[in-house]
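Numbering (our numbering), first residue to last: 3 to 217.
Okay, structure coming up:
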């Protein structure tokens with residue numbers, strides 16, 4: 003008799019292709035996230051130190067190497083928490099807006115003598131209000147969330163640099179070494195000085211004194 007093709011030969015290659023495709027997409031996502039993270043840190047280092055972007059990227063990697071666990075936590079936890087908070091607040095406020103729109107539209111339709119069913123008018127208005135409010139809330143809250151995350155990333159990078167054995171960024175002491183190892187009597191000014199003062203408050207006094215003695 004004729005041999006029937008086995009189910010294994012039918013589904014086996016398809017499953018293997020799907021698994022390989024999922025692994026490829028996972029590796030692609032990890033690589034993209036890593037490149038984005040390192041590019042952000044290199045940009046921060048370049049903004050603080052004034053070094054070229056490529057050199058800032060190498061300097062950022064050197065800063066983050068001793069703090070991989072903390073860097074991973076700083077990347078994952080604040081973004082996840084703030085993202086969930088943004089989504090929850092957006093949905094809650096949008097639901098409140100839809101309830102208000104439903105009541106207002108139904109009352110207006112009843113007062114003006116609209117022939118459509120009040121439930122249909124209220125539901126249509128509520129749906130429009132919900133989606134419009136959701137989009138607006140997500141845009142506004144995401145904007146402020148990005149600002150907070152960027153500030154946390156900058157403070158973490160500066161704190162990691164201040165606790166590292168090498169002087170990879172400006173020091174919080176009075177004589178701040180420049181990028182090429184020379185001394186700058188005035189040290190950083192403006193926004194850089196404000197950020198460094200904030201980091202100085204986060205670094206323990208003993209650690210800061212040990213670094214200043216080494217310098």
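Every residue gets a Cβ at the ideal spot worked out from N, C-alpha and C, and that includes glycine. Remember, it's a predicted structure, so these values are computed and weren't measured experimentally.
So residue i is in the alpha helix (DSSP H); what residue range does that whole segment cover?
i	result
residue 85	70-114
residue 62	55-66
Please classify residue i as buried or exposed, where buried requires at least 16 neighbouring CB atoms within 10 angstroms.
i	result
residue 38	exposed
residue 17	exposed
residue 47	buried
residue 79	exposed
residue 158	buried
residue 141	exposed
residue 132	buried
residue 91	exposed
residue 32	exposed
residue 2	Shown here, the chain extends from 3 to 217; a query on residue 2 therefore has no answer.
May I ask you to report which of helix, strand or coil DSSP gives residue i?
i	result
residue 52	coil
residue 18	helix
Going by CA-CA distance only, name the one from the options that's closest to residue i.
i	options	result
residue 108	154, 92, 126	126
residue 75	104, 163, 151	151
residue 112	102, 123, 58	123
residue 87	160, 25, 157, 148	148
residue 85	101, 103, 139	139
residue 96	164, 135, 35	135
residue 153	29, 24, 81	81
residue 44	30, 22, 56, 34	56
residue 163	22, 58, 36, 30	58
residue 89	61, 64, 69, 137	137
residue 41	63, 128, 106	63
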